[in-house]
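Asks: Position one of the sequence shown corresponds to residue 1 (the working numbering), numbered consecutively onward. For each residue, glycine too, the CB sits at the ideal point set by N, CA and C. Being a predicted model, the structure only gives us computed values, none of them experimental.
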Amino acid sequence: TSIQGPLVDDESLIEVLNVTKITSEEVKHKLVTAAETELKINTAREEFRPVATRGSILYFLIVEMSYVNVMYQTSIRQFLALFDDSMEKSDKSPITSKRISNIIDYLTYEVWKYQVRGLYEEHKFLYTLLLTLKICLQSNRIKPNEFMTFIKGGAALDLKAVAPKPKSNWISDMTWLNLVELSKIPQFSEILTQVARNEKLWKQWYDSDAPEEGNIPDGYQNSLDVFKRTLLVRSWCPDRTLAQARKFVVDALGQRFADGVILDFHTMWGESDTKTPLICFLSMGSDPTAQIDTLAKKLKVDCKPVSMGQGQEIHARRLLTQSMSQGGWVLLQNCHLGLNFMDELLQTITEPAGPVHETFRLWITTEGHPQFPINLLQIGLKYTNEPPQGVKAGVKRTYNGVTQDQLDITNMPQWKPMLYTVAILHTVVQKRKKYRLRLCVDTTA
1 TSIQGPLVDD ESLIEVLNVT KITSEEVKHK LVTAAETELK INTAREEFRP VATRGSILYF
61 LIVEMSYVNV MYQTSIRQFL ALFDDSMEKS DKSPITSKRI SNIIDYLTYE VWKYQVRGLY
121 EEHKFLYTLL LTLKICLQSN RIKPNEFMTF IKGGAALDLK AVAPKPKSNW ISDMTWLNLV
181 ELSKIPQFSE ILTQVARNEK LWKQWYDSDA PEEGNIPDGY QNSLDVFKRT LLVRSWCPDR
241 TLAQARKFVV DALGQRFADG VILDFHTMWG ESDTKTPLIC FLSMGSDPTA QIDTLAKKLK
301 VDCKPVSMGQ GQEIHARRLL TQSMSQGGWV LLQNCHLGLN FMDELLQTIT EPAGPVHETF
361 RLWITTEGHP QFPINLLQIG LKYTNEPPQG VKAGVKRTYN GVTQDQLDIT NMPQWKPMLY
421 TVAILHTVVQ KRKKYRLRLC VDTTA
C-alpha cells in the first residue's frame, strides 16, 4: 500500500517476485526429491521386514515363557540390545537378500542361546521346539491345523462320536482318537482304513523299540516330510515324540539348535557390567559357587560371598558398598531367603550413590519364587547350572572346565584316553542322578 505509481516500475518489488518464484521452484523440486527419497526408504524398509518379523516371533515367545516359570523374565531393552548386536555383527553382503538371511540366522541363534542359558533343563527343549514351530508357522511350512493336531491330538474328541475302533485291544482309546484327529489332514485321510486293513504291520511298527527310526507301513515311509512323520509318531507313540521332534528341529533350524548350550562363566562375565547382575536359578546340585570362585581367581578378583537369610542384609549392604567403591565381586547366595532386601538391592546397583569401580560385579543365586522382583530379573543375565541333557553335551561341559595345562600335564599316552573315559563316566553318573537310590551296584554278580 506504500507503493506509489505503476507496479511495473518498482524494481524492488519485481526482484522480490523473482526471488519468490525461484524459491517456489526450489521448494517444488525438493518436495519431488523428498517424495522419491521416501519411496526408496519405504522400499528398503519393506525389504528388511522379514528381519522384523523374525524379531517379533523371538521376542513374544520369550515373553510367553514367563507363563512356564515366573522367573523367566526378559525386558524389551535386553532383547533390543541383542537385536542391535545382530545387525552389527552378522556377516555383511552387498546382496540385500543375502544380508537379510545373514541377519535372521545370526539373530535367531544368538537369541536362542541367550534364552536357553537362563532356562531349566526340563524347559530348554520345550522352548526350542516352540521356536521351531512358530518359525515354520510363519513361513507356511506347517499349517495351523497341523500345529493344533500336534499340540492337542485327539484330546477334544469323544470316542462315541467317531469312527469305531478296531476290536483289537492293542490300540488304546487315546491312540485311536489321535488317529481320528490326524485323519483330518489330507495326507492322512485314509489312515483309519489302512490301520484296520493292515493291523499286523502297524502293530509290528508300533511295538518296535524306536518307531521313529523304523519303516512306516502303507507307503508313509517315503511320502512324509519330517514334520508329518512327527505328527504320526506323536499320534501313535507319545513317549517317542521328543526323539522325533529333535529330528524336526534339526531339519528346520539346523543341528546346532538341537545341541546343548555349554555354560561359559568367562563369556557371561564379559557380557555383564556394573549394573547388570548375574542371576543363577538354583536346583538340586547346581550351586555355581565353585565355578564363580575359580573364575575370580583366574581373573585375580576378590569374591566375597554372603548367604542371605535373617539378619544378613547388614553384611550384604556393607560388602556391596565396599566392592562398588574399591572393586571386586559380591556373591549373594540363596536370595529367595532375603526377598525383603531385593528391592533395596535393585536401587543400590541401578542408582549408585557415587562412582562405581569398573571391576565390580554382582552375582546372585536364588530358587524360583513368585515374589522375586521382576525388575531385578529383567536387568540381569539369567543362567542355570544344571548338568546338560545328553552324553555329548555332558562331555562337552566337562571338557569346558579342563584347561590346556591340565591336558598337557603329562606326556603319558594313557592320560588323555583316561581323561576321556572319566568324562564319559561323570556324564553317565550325572545323567543317572535323577534316579537317586534306584541307582545301585549289584555286588552279587
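Count the other CB atoms within 10 Å of the CB of F446; is the residue buried (16 or more) or exposed (fewer)?
Replies: Residue coverage of the chain in this structure runs from 1 to 445, which leaves residue 446 outside it and unanswerable.
Asks: Which of helix, strand or coil does DSSP assign to Q414?
Replies: coil
Asks: Assign T384 to one of two classes, buried (16 or more other C-beta atoms within 10 Å of its C-beta) or exposed (fewer than that).
Replies: buried
Asks: Taking F341 as the reference, which of I314, D239, V261 and R246 has the closest Cα?
Replies: I314
Asks: DSSP three-state call for V446: helix, strand or coil?
Replies: Given a span of 1 to 445 for the chain in the structure shown, any question on residue 446 remains unanswerable.
Asks: Could you name the residues that DSSP lists as bridge partners for V330?
Replies: K304 and L362
Asks: Let me check understanding here. Comparing Cα to Cα, which of T359, A52, V429 and T96 lies closest to L80?
Replies: Of the candidates T359, A52, V429 and T96, the one whose C-alpha sits nearest the C-alpha of L80 is A52.
Asks: Nearest-angstrom Cα distance between E11 and N18?
Replies: 11 Å
Asks: Counting only the same chain and skipping the five closest in sequence on each side, list residues whose C-beta sits under 7 Å from that of L119.
Replies: Y72, Y127 and T384
Asks: Could I get the ranges of all uninterrupted alpha helix (DSSP H) runs contained in the stretch 87 to 174, with 4 residues as the minimum, in chain order?
Replies: 96 to 117, 121 to 138 and 144 to 152
Asks: Is W170 buried or exposed, if buried means 16 or more other CB atoms sit within 10 Å of its CB?
Replies: exposed
Asks: Does the pairing of the stretch 88 to 99 with the stretch 189 to 209 give three or more beta-carbon distances under 8 Å?
Replies: In the pairwise beta carbon analysis, the stretch 88 to 99 is classified as not touching the stretch 189 to 209: fewer than three pairs are separated by under 8 Å.
Asks: Classify N222 as buried or exposed, calling it buried when 16 or more other Cβ atoms lie within 10 Å of its own Cβ.
Replies: exposed
Asks: Given a threshold of 16 other Cβ atoms within 10 Å of its Cβ, counted over all protein chains shown, does Y399 qualify as buried or as exposed?
Replies: exposed
Asks: Just tell me which of K143, A196 and L137 has its CA closest to the CA of A163.
Replies: A196
Asks: So, for R246: in the same chain, excluding its five sequence neighbours on each side, which residues have a beta-carbon less than 7 Å away from its beta-carbon?
Replies: A258, listed in sequence order.
Asks: Could you please give me the residues that DSSP links to Y383 through a beta bridge?
Replies: In the DSSP assignment, Y383 forms a beta bridge with C280.
Asks: What are the boundary residues of the alpha helix (DSSP H) that includes T53?
Replies: R49 to E64
Asks: Leaving aside the five residues before and after R256 along the sequence, list all residues of the same chain whose C-beta is less than 8 Å from its C-beta, in chain order.
Replies: Y109
Asks: By the three-class DSSP mapping on this structure, what secondary structure does G270 have?
Replies: helix
Asks: Going by other Cβ atoms of all chains shown within 10 Å of its Cβ, with 16 needed for buried, is G380 buried or exposed?
Replies: buried
Asks: Near Y59, which residues of its chain fall below 6 Å by C-beta distance, leaving aside the five closest residues on each side in sequence?
Replies: F79
Asks: According to DSSP, simplified to helix, strand and coil, what is P370?
Replies: coil
Asks: Would you kindly report the start and end of the unbroken alpha helix (DSSP H) that includes R197?
Replies: I191 to R197
Asks: Please return the same chain residues whose Cβ sits closer than 8 Å to the Cβ of D173, not counting the five positions on each side in sequence.
Replies: Within the same chain, D173 has close Cβ partners L159 and K165.
Asks: Measuring alpha carbon to alpha carbon, tell me which residue in V116, S86, K40 and Y114 is nearest N102.
Replies: If we check each option's Cα against that of N102, S86 comes out closest.
Asks: In its own chain, which residues sit with a C-beta less than 7 Å from the C-beta of D442, not counting the 5 before and 5 after it?
Replies: Only weak support exists for where D442 lies, its pLDDT of 48 falling under 50; the value from the coordinates is given anyway. Contacts found: none.
Asks: Round the Cβ separation of F83 and L61 to the nearest angstrom and send it over; I've been treating them as touching at under 8 Å.
Replies: In fact, because the Cβ distance is near 14 Å, the residues do not count as touching under 8 Å.
Asks: Could you tell me whether the stretch 325 to 333 touches the stretch 222 to 240, using the rule of 3 or more Cβ pairs below 8 Å?
Replies: no
Asks: Around the Cβ of E146, are there at least 16 other Cβ atoms within 10 angstroms (buried) or fewer (exposed)?
Replies: buried
Asks: Whole angstroms is fine: what's the gap from E47's alpha carbon to C136's?
Replies: Between E47 and C136, the C-alpha separation is close to 20 Å.
Asks: Return the CA-CA distance between I191 and L179, expressed in angstroms with no decimal places.
Replies: 7 Å
Asks: To the nearest angstrom, report how far apart S75 and P288 are at their CA atoms.
Replies: 24 Å
Asks: Can you find the residues in the same chain that come closer than 7 Å, C-beta to C-beta, to L282, ignoring five residues on each side of it along the sequence?
Replies: T365, T366 and E367
Asks: By Cβ distance, which residues of its chain are closer than 6 Å to P277, with the 5 residues on each side in sequence left out?
Replies: L362, I364 and G380
Asks: Mapping DSSP to helix, strand and coil, what is A243?
Replies: helix
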